[in-house]
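In the UniProt record's numbering, the protein residues as written are 1 to 86.
Here it is as structure tokens:
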């Protein structure tokens, strides 16, 4: 079995789009059968992260590569996961 794909999601408290992004990632993972390891990082209490991302969340990195900001496209995510999983 392949190793899970590492996904980092920078988010904020009470961020609707962040919740949608996490749900889409989990849904695509289930649909493709590709395991993911999601690390959600709240930026609210970290001045450096708040300065870097501000209101520009969610920000999604897959294997340390910036892939999505604000919204996660499920078709694009599926293609990325399949490419990384090969």
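For glycine and all other residues, C-beta sits at the position ideal for the given N, C-alpha and C.
Closest option to residue 18, judged by alpha-carbon separation, among 64, 29 and 40: 40. Looking at the DSSP output, residue 11 shares a beta bridge with 42. Residue range 59 to 62 is occupied by the beta strand (DSSP E) that includes residue 62.
Under the criterion of beta carbons closer than 8 Å, residue 3 and residue 42 do not qualify as touching, at roughly 25 Å. Excluding five sequence positions before and after residue 61, the CB atoms of its chain that fall closer than 6 Å to its own CB belong to 8, given in chain order. Short of 8 Å from the beta carbon of residue 47, and not among the five residues preceding or following it, lies no beta carbon of its own chain.
Look at residue 6 here: in three-state DSSP terms it is strand.
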